[in-house]
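In our numbering, the protein residues as written are 383 to 646. Even glycine gets a Cβ: it sits at the ideal position worked out from N, Cα and C. Treat the numbers as computed from the prediction; the structure is a model and nothing was measured. Read through the structure below, which is laid out as structure tokens, and then see the notes.
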Ligand SMILES: C[S@@+](CC[C@H](N)C(=O)[O-])C[C@H]1O[C@@H](n2cnc3c(N)ncnc32)[C@H](O)[C@@H]1O
């Protein structure tokens with residue numbers, strides 16, 4: 383739900399101009415993405431378990447002390463937060479998590495990085511979408527790191543490496559250890575400078591088939607500016623703006639750059 387003037391204005395603009403249900407999409411690749419991912423209503427086997435975990439988190443009254451490493455939260459500025467509050471308004475929605483699950487499942491993405499583990503629910507979607515993948519997720523807050531570690535252990539999901547530390551410190555170390563990034567999901571520290579910095583750091587590890595996803599691209603003027611610079615970068619051949627998040631692709635087969643807005 384949009385909560386500030388910048389978001390409301392851009393939401394209305396998006397609603398008026400975005401493609402619906404893949405109509406008027408000319409690229410066969412994008413049409414396939416619309417069919418298989420954005421407008422694919424199939425319920426995947428894992429969704430039942432994942433939504434049960436989401437419901438349990440929404441009822442969990444545990445209080446966590448959270449250090450603010452990023453641009454902060456507009457809905458929950460305080461440091462002591464209940465799991466209930468975070469699960470209700472501080473993490474990806476069911477729709478968004480399911481779309482990213484379908485994306486990873488469709489591309490069979492092997493190496494995934496998530497910046498911002500939070501409670502670890504979205505991490506579970508990303509990891510379960512391809513059980514053969516290796517997912518690295520970074521979280522600065524110690525108590526969230528501990529909470530998500532337990533959640534992931536209890537779900538018996540084995541393909542996750544959680545890292546506790548600041549993105550600025552952990553991301554360069556991680557990128558040095560891996561050959562490529564198939565999916566790069568940035569969901570924390572929503573500032574102009576940081577978002578661009580994470581994009582530039584991960585760029586050398588992209589492949590022709592990589593997807594980079596940036597959450598909350600209309601969260602602030604700075605985030606929207608960062609999104610515009612990212613999608614116009616010379617390496618990017620296709621961008622998809624779904625309002626709540628933006629995705630970029632690097633496929634060389636896409637000869638003419640395409641910027642698409644879709645309503646999800
Ligand atoms: C929006 S939440 C992530 C939500 C999660 N991806 C989901 O949908 O379930 C962002 C998280 O990033 C963490 N974070 C923000 N800035 C950070 C930074 N600079 N270094 C490390 N962690 C950071 C916050 O503590 C918070 O838990």
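Proximity of the region 626–635 to the region 507–516 falls short of the contact definition, fewer than three beta-carbon pairs being nearer than 8 Å. Counted as a single uninterrupted DSSP element, the alpha helix (DSSP H) harbouring residue 486 occupies residues 476–489. When secondary structure is reduced to three states using DSSP, residue 642 falls in the strand class. DSSP places residue 604 in no beta strand (DSSP E) but in the uninterrupted alpha helix (DSSP H) bounded by 603–613. Rounded to the nearest angstrom, the Cβ distance from residue 587 to residue 563 is 4 Å, consistent with a contact under 8 Å. Residue 397 and residue 585 do not touch by the CB rule: their CB atoms are close to 31 Å apart, not below 8 Å.
Taken in chain order, the unbroken stretches of alpha helix (DSSP H) that lie wholly in the region 415–446 and span 4 residues or more are 429–440. Relative to residue 424, the option among 610, 613, 553, 485 whose CA is nearest is 485. Pairing residue 432 with residue 469 gives a Cβ-Cβ distance that is not under 9 Å. Look at residue 548: its beta carbon is less than 8 Å from one of the heavy atoms in ligand 1.
Taking 8 Å as the upper bound for CB-CB distance, residue 494 and residue 508 are in contact here, some 5 Å apart.
Residue 462 carries a strand assignment under DSSP once its states are collapsed to helix, strand and coil. Counting only runs of 4 or more residues that sit fully inside the region 564–596, the alpha helix (DSSP H) segments are 574–584, in chain order. A check of alpha carbon separations from residue 411 across 620, 625, 624, 643 identifies 620 as the nearest. In the displayed model, residue 600 falls within coil according to three-state DSSP, outside both helix and strand.
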